[in-house]
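Numbering (mature numbering (1 follows the signal peptide of the UniProt record, and there is no 0)), first residue to last: -26 to -1, 1 to 313.
In structure tokens, the structure reads:
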């Protein structure tokens, strides 16, 4: 583990408002708006449950997005710039870029309000204290594309794409405490509600790995076909929802029976997926320039046009403003064909 000082670059004004990350939205919780990061247009689109969308300009080629628990601050990674920017969601203002170095991809908040950022080119997980600007660096697997946080257990998991594995990180000691081999070219992951299982989308092997997080053992793989890319868990049913880039589908997987339960066409090259407590899933369709909203009971799909190249998203809860993401927040720069 290495420590270094990071340039604050406008971060201090927002640091006081950073909070711990919120959980996945439970059934029945109010949905305020969807935040959509469009890589091509370099914009954040705010899609409210009621009212008109709002667009906010971002720096070049935005990638991952994470939101603090209070719903006041969003963090966005920019791999081409080696930076992370912070957005004040109350004022719709963007901070100057915080220099991370390398190619920051996946991003998440810890329970204490720190940022975890995967660095694709340097094979690192970076933990940043926004109050002081101090950063710690931990070596993980090759080309980490995503990070998932289990706040209750003080654990994070990185998805190490070119190592074909996931790594478990103890956040107290900031050390790797286990790894598990998965399918070829894993890219995204999502935890079960109890944190016992990690579900990993494997782009090149066309399947989803189910990993026992206690033993860090892959216990099953469920064939999806195509190119599985994004993954989320429905808190109401426990179903695992997986986007298939190649087939333009959202696929529902029963993790208990370890089989596909259903699928629905959502758009061209779907990537990120998030589930909300009103029984709907939201999918960013990269090539369709839309966000598809899927009623998980009826599989009815409604599409909303957004700025060019939507790839990542997050969901805010209305009244309290707490946030939920789909467990991964990254884009596979230059590898949209799953290679």
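In this text, a Cβ means the ideal position worked out from N, Cα and C, and glycines have one as well.
Treat the numbers as computed from the prediction; the structure is a model and nothing was measured.
Notebook entry, point to check: Rounded C-beta distance between residue 237 and residue 224? I'm assuming under 8 angstroms.
Noted result: 7 angstroms
Note to self: Using a Cβ distance threshold of 8 angstroms, determine whether the stretch 62 to 71 contacts the stretch 91 to 110, with at least three qualifying pairs required.
What the structure shows: no
Next item on the list: Give the DSSP-derived three-state secondary structure of residue 101 in the structure shown.
Entry: strand
Next item on the list: Could you tell me whether any non-hydrogen atom of the ligand NAP is closer than 7 angstroms to the CB of residue 110?
Entry: Here there are no bound small molecules, and the ligand NAP is not part of this structure.
Notebook entry, point to check: Does the count of Cβ pairs from the stretch 184 to 194 and the stretch 140 to 157 closer than 8 angstroms reach three?
Noted result: yes
Notebook entry, point to check: Hey, would you say residue 171 sits closer than 8 angstroms to residue 185, going by beta carbons?
Noted result: yes
Item checked: Per DSSP, the bridge partner or partners of residue 70 -> DSSP output for residue 70 lists no bridge partner at all.
Item checked: Among 206, 213, 201, 39, the one whose alpha carbon lies nearest that of residue 227 -> 213
Checklist line | Cβ-based burial, residue 147 [other Cβ within 10 Å; buried from 16] | finding: exposed
Next item on the list: Compute the Euclidean distance between the alpha carbons of residue 50 and residue 230, then round it to the nearest angstrom.
Entry: 34 angstroms
Next item on the list: May I have the straight-line CA-CA distance separating residue 234 from residue 180, to the nearest angstrom?
Entry: 13 angstroms
Note to self: With a threshold of 8 angstroms, are at least 3 pairs of Cβ atoms found where one atom belongs to the stretch 194 to 207 and the other to the stretch 135 to 146?
What the structure shows: no
Item checked: Every unbroken beta strand (DSSP E) inside the stretch 196 to 273 [3 residues or more] -> 202 to 207, 214 to 218, 223 to 228, 233 to 239, 244 to 250, 254 to 259, 264 to 269
Next item on the list: Under the assumption that residue 61 contacts residue 18 (Cβ atoms under 8 angstroms), give the Cβ distance between them as a whole number of angstroms.
Entry: 7 angstroms
Notebook entry, point to check: Grouping DSSP H, G and I as helix and E and B as strand, with all else coil, what is residue 137?
Noted result: helix
Note to self: From the DSSP secondary-structure annotation, give me the bridge partner or partners of residue 78.
What the structure shows: 93
Notebook entry, point to check: Which word fits residue 149, buried or exposed, when buried means at least 16 other C-beta atoms lie within 10 angstroms of its C-beta?
Noted result: exposed
Notebook entry, point to check: Under a Cβ-count criterion, where at least 16 other Cβ atoms within 10 Å of its own Cβ denotes burial, should residue 312 be classed as buried or exposed?
Noted result: The predicted position of residue 312 is uncertain, since its pLDDT is 38 and thus under 50; a value taken from the coordinates is nonetheless stated next. Flag for residue 312 reads buried.
Item checked: Residues of its chain near residue 145, where Cβ-Cβ distance is below 7 angstroms and the 5 sequence neighbours each way are ignored -> 84, 128, 129, 130
Notebook entry, point to check: residue 109 to residue 133, Cα distance in whole Å?
Noted result: 20 angstroms
Check: Are the beta-carbon atoms belonging to residue 323 and residue 48 less than 8 angstroms from one another?
Finding: Residue numbering for the chain in the displayed model covers -26 to 313; residue 323 lies beyond these limits and cannot be assessed.
Next item on the list: Please work out which residues of its chain come closer than 8 angstroms, Cβ to Cβ, to residue 165, disregarding the five sequence neighbours upstream and downstream, and give them in chain order.
Entry: 122, 124, 131, 171, 172, 173, 187, 207, 301
Next item on the list: Decide if residue 7 is buried, meaning its Cβ has at least 16 other Cβ atoms within 10 Å, or exposed.
Entry: buried
Next item on the list: Taking 8 angstroms as the cut-off, decide whether the C-beta atoms of residue 41 and residue 288 are in contact.
Entry: yes
Checklist line | Nearest to residue 271 (by Cα), restricted to the options 285, 265, 253, 261 | finding: 253
Check: Got a sec? Which residues, its chain only, sit under 7 angstroms from residue -1 by beta carbon, not counting five neighbours each side?
Finding: Unreliable placement is indicated for residue -1, whose pLDDT of 49 sits below 50; the coordinate value is still reported in the next sentence. The answer, listed in chain order, is 209, 251.
Margin query: Taking only three categories from DSSP, how would you classify residue 151?
Written below: strand
Note to self: Considering only the alpha carbon of each residue, which of 111, 218, 282, 151 lies closest to residue 162?
What the structure shows: 218
Checklist line | beta strand (DSSP E) segment containing residue 48, residue limits | finding: 47 to 52
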